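The block underneath contains the structure these notes are about, expressed in structure tokens.
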Amino acid sequence: MSRAHRNRAGMTLIEVMLAVVILGMALGVLVGAASRALAVVRQARNYELARRMIGRVEVESPLRLKDRIEAGTENGSFSGGPAGWSWSRKLEDLGADDEEQEGLFRMTTRVTWAQGEQRSAEEVVQLLYVPKNSSGEFSLKPQVR
4 MSRAHRNRAG MTLIEVMLAV VILGMALGVL VGAASRALAV VRQARNYELA
54 RRMIGRVEVE SPLRLKDRIE AGTENGSFSG GPAGWSWSRK LEDLGADDEE
104 QEGLFRMTTR VTWAQGEQRS AEEVVQLLYV PKNSSGEFSL KPQVR
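Letter 108 of the sequence shown, counting from 1, is numbered 111 in the working numbering, and no numbers are missing.
The structure is reproduced here in structure tokens:
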């Protein structure tokens, strides 16, 4: 084998090794990007489910069936829902200190869940006008006469 032929064979091996290294780095970057994309999709799915669960809070614990609406906090979990998910609802009477805002309440509904060691939450804030009924109490429940 001539000397020129041996040098060409060595360069080919180095070129192949360099190509393998570049290919390995590119695959590593692609796997990392795919992993991050899947994490984003999972988180988006959880937030979309949280929005549906916020609507479920009103179905399972409706304010309109309460005899009296007053400031306070209530919380619970979802029966038959995903494990580790819970909700809380906070009502603040904005008219307590301001007569012009009598009957105006701020309702904050929050759904929380755990994903591994990380806790996440979705929150909705609504303003409600709750008139006084004939008994002088704030109520959304219709009066039956």
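Cβ atoms here follow ideal geometry from the backbone N, Cα and C, with glycine treated the same way.
Everything numeric in this text was worked out from a predicted model, so none of it was measured.
- For residue 110, DSSP records a beta bridge to 94, 129.
- Shown here, residue 136 sits in coil according to DSSP, grouped into three states, outside any helix or strand.
- Of 19, 107, 38, the smallest CA-CA separation from residue 94 is found for 107.
- The residues 98, in chain order, have a CB closer than 6 angstroms to that of residue 105 in the same chain once the five nearest residues on each side in sequence are set aside.
- For residue 77, the enclosing beta strand (DSSP E) begins and ends at 75-80.
- Pairing residue 110 with residue 122 gives a Cβ-Cβ distance that is not under 8 angstroms.
- Per DSSP, reduced to three states, the secondary structure at residue 22 is helical.
- Across the set 23, 55, 45, 43, the C-alpha of 55 shows the shortest separation from the C-alpha of residue 126.
- Secondary structure at residue 38: helix, using DSSP grouped into helix, strand and coil.
- With respect to the 8 angstroms criterion, residue 117 and residue 87 are classified as neighbours on the basis of their beta carbons.
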